[in-house]
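In my numbering, the protein residues as written are 101 to 204. From the three backbone atoms N, C-alpha and C, an ideal C-beta is built for every residue, glycine too. Treat the numbers as computed from the prediction; the structure is a model and nothing was measured. For reference, the structure is listed below as structure tokens.
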């Protein structure tokens, strides 16, 4: 029961690593959970792989620097997927601030 409470107070972004195809190079796909999509202007986002850094660091840099999100609290990892877990109150405060500053 405790885990349900913890999950309900968090947002998540899934990072999937996409291998190269015949027409596209290696990519990193960011997939926010349904509740977080309301505060973002995209449903999924695919970035070309930056060969100077690993995919996980590239995704973290994009989420923090471009989207303005706080650093994630937790990271769940599998072989081709990472899930970044964010504290809901920190994210909501940032989205609220960004929406207020845009209107001025």
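With contacts defined by Cβ atoms closer than 8 Å, residue 111 and residue 165 do not form a contacting pair.
For residue 129, DSSP records a beta bridge to 116, 146. A distance below 8 Å separates the beta carbons of residue 158 and residue 128. Taking 3 residues as the shortest admissible run, the stretch 132-191 contains the following complete beta strand (DSSP E) segments, listed from N- to C-terminal end: 145-148, 174-177, 181-187. With contacts defined by Cβ atoms closer than 8 Å, residue 115 and residue 171 do not form a contacting pair.
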